[in-house]
Each structure stands twice: as C-alpha cells, then as structure tokens.
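The block underneath contains the structure these notes are about, expressed in structure tokens.
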Amino acid sequence: MRTLQIATLIAATVTTGWSAGLFAAFSYAVMPGLARTGDRVFVEAVQRINAAILNGWFALGFLGAIVFTGLAAALHLGEGQWPALAWLIAAFVLHAAVLAITFGINVPLNDALEAAGDAATMPDPAAVRAAFEARWVRWNVVRAGLSTAALGCLAWALIRCGRAL
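The sequence shown maps to residues 1 to 165 in our numbering.
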C-alpha cells in the first residue's frame, strides 16, 4: 500500500509540474511574444495553438494532475496519514480552482475566438483580439499561480511522506 501511495503522489507531482509549467510558459513567453504581433497574426496563432493543444499529452498533464492528486489523497485516508493528507487536499482544491477557471473562462474565450472565423478573412481582427487577449492572459496567470501552488503542496506532501518512512 505504501508503494502505491508514493507512486500516485509522484505521478500527481509530475503531472502538476507539467501543467504548471505549461501555464507559466504561456504567461511569461508565449502570450508576451504574441502580444508583439499584429491582430490578424495574433488571432490566427492563438486559434492554431488552441487546436494543436488538444492532444493526449496535454490531457495527461492537465487531467492527470487532478486525477492523480485525488487518488493520492484517497490512498492517504486513514490513521497516521494526516500530515500528507492535508497538503494533498490543498493541492486538490487548487486543481479544482484551475479546472473551474479553465472551463468557466479560458475555454469559452477560446471557443469565441474560434467562432470568429478565419483570421485571414475576418473583417475586424482587432475587435476579436480585444475581446480575448487581456481577459485570457489575466486568468491564465491565475491558473499558473494556482498550479504552482498545487505543485508546492504536493512537493511538501512528498517530503512529509518521506519523513514517515
């Protein structure tokens, strides 16, 4: 049982780091780089990124983070598990907030950007960009911070588990 607890905690930590790194990279590199482009280029690039990111690797990191964290928490239920469990619950709550922001704000913005049509022929790419960019970037920074905090909680849970060995 102890091996399964540690294995799921490691999987939760790795997938959370993967997800936090993605959100952070968008915050400090991808979106600032795209901010320096013209409206039509910005809209087209983000539309293409939104299509490309929907793949198994993204799903593994994004959904794996909350699934493995929940599983690790469930496996830590029981007597003597409280020191790690508290950090696992905190990480799970942070992941839930990331999911709420993603599906409540970022995905609808992505969908609206896609619904605007082909960037090459749209009549007003500046308006499409204005309706998307600032809000999406702001909430992605929040996702990056929450995911990074979840990673810290999981790292501390690993330390607490290591002390219990």
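Ideal Cβ placement from N, Cα and C applies to all residues, glycine included.
Note that this is a predicted model, so its numbers are computed, not measured.
Coarse secondary structure for residue i, derived from DSSP in three states
i	result
H95	helix
I53	coil
M31	helix
E133	helix
G17	helix
Alpha-carbon to alpha-carbon, residue j and residue i
i	j	result
W156	P83	10 Å
A127	A116	10 Å
I93	R129	Here the sequence assigns Val to residue 93, which means Ile is not the residue at that position. Roughly 32 Å separates the two Cα atoms.
D39	V137	15 Å
T3	G162	12 Å
A12	M122	42 Å
S19	G70	16 Å
F166	L77	It is not possible to answer for residue 166, since the shown part of the chain is limited to 1 through 165.
G33	F42	10 Å
A120	A112	16 Å
R160	G145	23 Å
Closest Cα partner of residue i within the set the options
i	options	result
F134	A24, L22, A35, L63	Strictly speaking, residue 134 in this sequence is Ala, with Phe absent from that position. Residue A35 is the option with its Cα nearest to A134.
G61	I89, L151, W139	L151
F68	A86, L22, V14, F132	V14
L21	V141, I159, L158	It is Gly, not Leu, that sits at residue 21 in the sequence shown. Taking only the C-alpha atoms, the option nearest G21 is V141.
L109	F132, A90, H95, A65	F132
W139	A52, I105, R160	I105
**Request:** Could you tell me whether the region 43-54 touches the region 95-102, where touching means 3 or more Cβ pairs closer than 8 Å?
**Result:** The region 43-54, when compared against the region 95-102, does not touch it at the 8 Å Cβ threshold.
**Request:** May I have a chain-ordered list of the alpha helix (DSSP H) segments no shorter than 4 residues that lie completely inside the region 99-127?
**Result:** 107-115
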